[in-house]
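With our numbering, the residue at position 356 of the sequence shown is 373, and numbering never jumps.
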Amino acid sequence: MPNSSLQPTQISVPKIAIIGGGLTGLFTATLLERAFSQMNDQKIKDKALVPEITIFEKSRSVGRLATRYRSDSLTNKNWQWAFGAQFFTAKSASFQQFIEPWLQTGLLQPWCAQVVSLMPMAANNQTPDIHFKEQWGSTQARYISTPKMTSWGRALADELQHSTVKFNTRIAPLAGYKQTLANKTSNKTELFDKNGNSLGHFDWVICTVPNGQAVELMADSGFSECAKITEPTMQACYSLMLGWNENQALPEALSCLDTAWDVACVQDSIIDRIFIEHHKPEHHALLPSMTIHARNDWSEQHVDDDIDTIKAKLLEVAQQALNWNAESAPSQVDCHRWRYAATVTASHKEQLGVLVDDERQWIVSGDWCGQGNIESCYQMAAQMAAAMV
Ligand SMILES: Cc1cc2nc3c(=O)[nH]c(=O)nc-3n(C[C@H](O)[C@H](O)[C@H](O)COP(=O)(O)OP(=O)(O)OC[C@H]3O[C@@H](n4cnc5c(N)ncnc54)[C@H](O)[C@@H]3O)c2cc1C
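This is how it looks when you write it as structure tokens:
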């Protein structure tokens, strides 16, 4: 008889589906691969337990950290706008450790922005009031991905070893599954695309889409934690993107202090923050580009308004904040509506955390289960990996 301790253990490969290729989905796949790899290291003679992970993403790209650019046909240079998340924090030691390899390669970089407080000009006042507020990095570091905000998502996807990303694949609601659960012989879930084509059977299904979309996916599915999905409230955000030609005069407000500023926190206005894109690390070759985020409460109130009306309104307010004239007016103007941008968390309320249905082996998560930022995507991914492994 051979020594049983030398025999490979018969363990089936867990098939895992991740719905959504945003940062929560990518972090989850990364952490699961690492967790399985660590488990295998501890089993010297055992058969390796390799997860088979499929990320289903309805769009053409991963990461959803949005970058838009436009090329100038005269100079061949680009305007570029990170019109979703501008930066992220890494307050916890575990997230600091997680981002370290990309800091080493320079793909992630700290943005030590000079931040000002800006009061737009009123009717009787000819100039905006601008004061130095802080320099990022002196107390809390903020990071960006270079050369584009989308670069990190692509790098994360490229580094996955046991995961496949299926683009342009929108997962259909899991509603029909409720009826079949009683009859099924295994714990596997069959997923379908929006055309009703089967995408295979999975041991675990992890949903990482925004909560408005998670409600639709999970409605009538029997998911045990369904009621909790609607607990966090999401607010919209409008992003205004402005660009200037090479050698064009820039608005006066940019040069009113001794040192150049990079970020403005706007007071008493429907716009919240102004970000100077071409001042960011590794962004100096860009043509002058600026992203402006409207306030979330104002964006939510106007979420269904005509986008051209919104663009005109934001442009008018931006002009009062930046004080441009005919020569220094932007040559490029674009506007984007984010329906689900900010998670409203009451500070007294505990974070929701990931929602787990052990019977079905389904997990629902996303940044909205935490504080609605990139660091929360990581925290939720870590919770999911722990819940599964
Ligand atoms: C305007 C704006 C400003 C922000 N500013 C900051 C900031 O300064 N700092 C910060 O840390 N965070 C910021 N954030 C938040 C940050 O962008 C998010 O926390 C993060 O991108 C969320 O990632 P996620 O993976 O949880 O969700 P998402 O990025 O929404 O990913 C979900 C993915 O699921 C896909 N999907 C949806 N439905 C389906 C389906 N049925 N089938 C298949 N795929 C599907 C979507 O296409 C999407 O790619 C900002 C966000 C916005 C919009």
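Each residue gets a CB set at the ideal place from its N, CA and C atoms; glycine is no exception.
Residue burial classification, residue i (beta-carbon count within 10 angstroms, cutoff 16)
| i | result |
| --- | --- |
| PHE149 | exposed |
| HIS300 | buried |
| MET56 | exposed |
| GLN143 | exposed |
| ARG294 | The sequence given here has Glu at residue 294, not Arg. By the 10 Å Cβ count, GLU294 comes out buried. |
| CYS386 | buried |
| THR47 | buried |
| LYS297 | buried |
| LEU274 | exposed |
| ALA399 | buried |
| LYS330 | buried |
| SER180 | buried |
Range covered by the beta strand (DSSP E) that runs through residue i
| i | result |
| --- | --- |
| THR122 | Here THR122 belongs to no beta strand (DSSP E); instead the alpha helix (DSSP H) covers 110-122. |
| MET307 | 306-311 |
| ASN95 | 95-98 |
| ALA83 | Looking at the DSSP string, ALA83 is not in any beta strand (DSSP E), and its letter there is neither H nor E. |
| ASP374 | 372-374 |
Residue j beta carbon less than 8 Å from that of residue i
| i | j | result |
| --- | --- | --- |
| LEU259 | ALA338 | no |
| CYS224 | LEU234 | yes |
| GLN103 | THR308 | yes |
| ASP374 | PHE209 | no |
| GLU74 | THR206 | no |
| PHE44 | GLU392 | no |
| LEU82 | THR163 | no |
| VAL350 | LEU332 | yes |
| ASP89 | LEU304 | yes |
| CYS129 | TYR255 | no |
| ILE291 | ALA311 | no |
Closest Cα partner of residue i within the set the options
| i | options | result |
| --- | --- | --- |
| GLN157 | LEU274, LEU66, THR106 and ALA398 | THR106 |
| ASN228 | VAL350, ARG356, SER215 and ILE291 | ARG356 |
| LYS211 | VAL222, ASP220, LEU372 and ALA192 | ALA192 |
| PRO137 | LEU271, GLY38, SER168 and ARG159 | LEU271 |
| ASP384 | ASP321, GLN284, PRO249 and ASP275 | PRO249 |
| TYR395 | ASN340, SER256, SER155 and ILE116 | ILE116 |
| TRP315 | GLY217, TRP278, ALA253 and VAL371 | ALA253 |
8 Å contact criterion, which residue i and residue j should meet: CB distance rounded
| i | j | result |
| --- | --- | --- |
| LEU135 | CYS282 | 7 Å |
| ALA359 | GLY389 | 6 Å |
| VAL182 | VAL79 | 6 Å |
| GLN97 | LYS165 | 7 Å |
| ILE246 | VAL361 | That pair is no contact at about 15 Å. |
| PRO145 | ASN342 | Not really, about 13 Å apart at Cβ, beyond 8 Å. |
| PRO118 | TYR160 | PRO118 to TYR160, Cβ: 13 Å. No contact. |
Endpoints, the alpha helix (DSSP H) within which residue i is located
| i | result |
| --- | --- |
| THR326 | 324-339 |
| GLN126 | From DSSP, GLN126 is part of no alpha helix (DSSP H) but of the beta strand (DSSP E) over 125-127. |
| VAL232 | 228-235 |
| GLU176 | 168-176 |
| CYS394 | 391-405 |
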